[in-house]
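Below is one structure, written out as structure tokens, with a few remarks after it.
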Amino acid sequence: MNKDCIFCKIANGEIPSKTLYEDSDFRVILDLGPATKGHALILPKEHAENLYDLPENTAAKVLPVAQKIASKMKAALGCDGLNLVQNNGETAGQTVMHFHMHVIPRYESDGQKIGWVPGQATPEELDAVAKLIVE
Ligand code: AMP
Ligand code: ZN
Numbered sequence: 001m002n003k004d005c006i007f008c009k010i011a012n013g014e015i016p017s018k019t020l021y022e023d024s025d026f027r028v029i030l031d032l033g034p035a036t037k038g039h040a041l042i043l044p045k046e047h048a049e050n051l052y053d054l055p056e057n058t059a060a061k062v063l064p065v066a067q068k069i070a071s072k073m074k075a076a077l078g079c080d081g082l083n084l085v086q087n088n089g090e091t092a093g094q095t096v097m098h099f100h101m102h103v104i105p106r107y108e109s110d111g112q113k114i115g116w117v118p119g120q121a122t123p124e125e126l127d128a129v130a131k132l133i134v135e
């Protein structure tokens, strides 16, 4: 646990939160600035700054938690869709430097935009970047 990290304090119960789910590895809370009704954050209890730092065994447990919460949201909130969002680094929009995954229920006409502007790439460019990543 990092004593200067607000999400460490929330995840470990030192700061109260609207908790939706808790187990030995995670706490799932409502986001204080929700993009939509029900916007939640999955917080590992152990501090890791981002995806690169997250232990592999914790990483493997994140998606099952997301699935549980997503199913509950669908049933309870009647959302029409749902986004999982996970930002790493300031450039990618990360503002709290403790790994977290957003679970964002989506509703028709919720007015939110979560996405990107599609670009273009030639097959050669795709080949080149694939080589860079895997080699
Ligand atoms: P990110 O931009 O991916 O780092 O997301 C950080 C999220 O944490 C934002 O959606 C904030 O609204 C949310 N947030 C920040 N502080 C708190 C807090 N104390 N309790 C709940 N959510 C928070
Ligand atoms: Zn932390």
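Numbered according to the numbering used here, the sequence shown terminates at residue 135, and the numbering increases by one at each position without gaps. All C-beta atoms, glycine included, are put in the ideal place defined by N, C-alpha and C. Since the structure is predicted, the reported quantities are computational estimates derived from the model, not experimental observations.
With respect to the C-alpha of Gln112, the residue from Ala121, Ile6, His39 having the closest C-alpha is His39. The alpha-carbon of Pro123 is positioned some 10 Å away from that of Val129. Rounded to whole angstroms, the gap between the alpha carbons of Gly13 and His98 is 15 Å. Separation of Asp80 and Thr58 (C-alpha to C-alpha, rounded to the nearest whole angstrom) is 29 Å. Relative to the ligand AMP, Asn87 has its C-beta within less than 8 Å of a heavy atom. A heavy atom of the ligand ZN is found nearer than 8 Å to the CB of Phe7. Excluding sequence positions up to five before and after Pro105, its CB lies within less than 6 Å of the CB of Thr36, Gly38, Met73, Leu77, Cys79, Leu82, all in the same chain and listed in chain order.
Residue state for Phe99 is assigned as coil, using DSSP reduced to three classes. The alpha-carbon separation between Glu46 and Tyr21 amounts to approximately 16 Å. DSSP places Val65 in no beta strand (DSSP E) but in the uninterrupted alpha helix (DSSP H) bounded by 56-77.
Judged by the Cβ position, Ala35 qualifies as a neighbour of the ligand AMP at the 8 Å threshold, a heavy atom of the ligand being closer than this. Cα atoms of Ser24 and Glu56: separation of roughly 16 Å, rounded to the nearest angstrom.
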